[in-house]
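Take a look at the structure set out below.
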Amino acid sequence: MLAGASAQAPAQTSPSAPASLNARLAGDIAQVHDPAIIRQGDSWYLFTTSQAGAGKGLIHIRTSTDLAKWTRAAPVFAEMPVWVKDAVPGAAGIWAPDVHFAGGEYRIYYSVSTFGKNRSAIGLVTTPSLDNPVWTDKGPVLRSSQKDDFNAIDPNVFDDAQGRQWLAFGSFWSGLKLVRLDPKTGLRSAEDTKVHAIARRPSPGAIEAPFVIRRGDFYYLFASFDFCCRRAASTYYTMVGRSKDPTGPYLDLKGKSMMDGGGLLVLHAELDRSKRFVGPGHVAILREAKQDYIVYHAYDTQRSGVPTLRIQPLGWTDDGWPVAL
Numbered sequence: 031m032l033a034g035a036s037a038q039a040p041a042q043t044s045p046s047a048p049a050s051l052n053a054r055l056a057g058d059i060a061q062v063h064d065p066a067i068i069r070q071g072d073s074w075y076l077f078t079t080s081q082a083g084a085g086k087g088l089i090h091i092r093t094s095t096d097l098a099k100w101t102r103a104a105p106v107f108a109e110m111p112v113w114v115k116d117a118v119p120g121a122a123g124i125w126a127p128d129v130h131f132a133g134g135e136y137r138i139y140y141s142v143s144t145f146g147k148n149r150s151a152i153g154l155v156t157t158p159s160l161d162n163p164v165w166t167d168k169g170p171v172l173r174s175s176q177k178d179d180f181n182a183i184d185p186n187v188f189d190d191a192q193g194r195q196w197l198a199f200g201s202f203w204s205g206l207k208l209v210r211l212d213p214k215t216g217l218r219s220a221e222d223t224k225v226h227a228i229a230r231r232p233s234p235g236a237i238e239a240p241f242v243i244r245r246g247d248f249y250y251l252f253a254s255f256d257f258c259c260r261r262a263a264s265t266y267y268t269m270v271g272r273s274k275d276p277t278g279p280y281l282d283l284k285g286k287s288m289m290d291g292g293g294l295l296v297l298h299a300e301l302d303r304s305k306r307f308v309g310p311g312h313v314a315i316l317r318e319a320k321q322d323y324i325v326y327h328a329y330d331t332q333r334s335g336v337p338t339l340r341i342q343p344l345g346w347t348d349d350g351w352p353v354a355l
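Sequential numbering of the sequence shown, starting at 31, is according to this note's numbering.
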């Protein structure tokens, strides 16, 4: 059963965004994990994994009109989608959403799995508007099982310069992967079913949560290294590589491939000036007309390691590398 009400067409205005945010973040910003973000009209919408309280295990939504103060809205799902019981037995929650606007609708991709196993699936739910949404679950997009060397969770969707649509995904196992989608439906392409490998790390190094953007002549792959979900003991950090082709190879500043564990450091606990937040990762990149932002969760050591929303401006060097400001 899905939560929802009436819908309206998305507005296309472009509100101005503040230049600095972390010190001003307020409202419902704790128990925020795996944030995905998009703007509709004068509001931003944040989709997250819920880890505690009412609606645990569902996709929570938060809204803001200034990117600083956040208010909780109704979750996407009122209960687990019916297809999950057979597709992923034992799945108790929905993880790591992504949001993408295409085909006149907002498409929310979500993960269902059992922790530590790769019997997983990525599902799709859509709505014409985020203001009073009407949700329609489209079922599974991609599945993985013990026969596969990948884990079908942590989805991220992006479009390439040729108008093709891609789904990046992956957590642990043999690393991050990429498959084609059908832009008309948001489901997996029937014409191109190849699974591309785009990043991995030698065991026991952990890698997950890809996020890809196109900027200029390059595609940039952001990924989370090491371990989340351990509160103040979390060791997550964020790396990036770039490629002129969406399927890679993604290289770092020194030319090392992310297929060989390469990457340029973007976020790390040691870079936090307050020394308060650790394990920064599972990023989303918000692209506004005048400023890019890197949106992520980190664990607040002053509040028993609760996962907390963080938003920083994202700058770019003269030679085209991202820098969290």
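All residues carry an ideal CB built from backbone N, CA and C; glycine is no exception.
| Item | Value |
| --- | --- |
| 8 Å Cβ cutoff met for Tyr139 and Pro185 | yes |
| DSSP-derived helix/strand/coil call for Thr144 | coil |
| Start-to-end residues for the beta strand (DSSP E) that takes in Val114 | From DSSP, Val114 is part of no beta strand (DSSP E) but of the alpha helix (DSSP H) over Val114 to Ala117. |
| Residue of Ala122, Phe202 and His63 minimising C-alpha distance to Asp179 | Phe202 |
| Nearest-angstrom beta carbon gap, His312 and Ala126 [assumed within contact, 8 Å] | 7 Å |
| Buried versus exposed, by CB contacts within 10 Å (16 or more), Lys115 | exposed |
| For Val187 and Val296, the rounded distance between their alpha carbons | 21 Å |
| Strand pairing of Thr101, partner residues [DSSP] | Thr93 |
| Leu206 versus Pro105, Gly291, Ala319 and Asp212, residue with shortest Cα-Cα distance | Gly291 |
| Every unbroken beta strand (DSSP E) inside the stretch 241-297 [3 residues or more] | 248-255, 267-273 and 294-297 |
| In DSSP terms, what Trp74 is bridged to | Arg69 and Ser94 |
| Exposed unless 16 or more other CB atoms sit within 10 angstroms - verdict on Thr347 | exposed |
| The stretch 279-289 in contact with the stretch 330-342 per 3-pair CB rule at 8 Å | no |
| Minimum C-alpha distance to His307 - residue among Gly246, His327, Leu316 and Thr144 | As written in the sequence, residue 307 is Phe, which differs from the His given in the question. Among Gly246, His327, Leu316 and Thr144, the Cα nearest to that of Phe307 is on His327. |
| Of the listed residues Gly57, Arg260 and Ala227, nearest to Thr95 (C-alpha basis) | Gly57 |
| Length at least 3, wholly inside the stretch 151-193: the beta strand (DSSP E) runs in chain order | 166-174 and 186-189 |
| With 16 other Cβ atoms within 10 Å as the buried cut-off, status of Asn162 | exposed |
| Distance CB(Gly350)-CB(Phe248) smaller than 8 Å | yes |
| Identified DSSP bridge partners for Lys320 | DSSP, once it has assigned bridges, lists no residue as partnering Lys320. |
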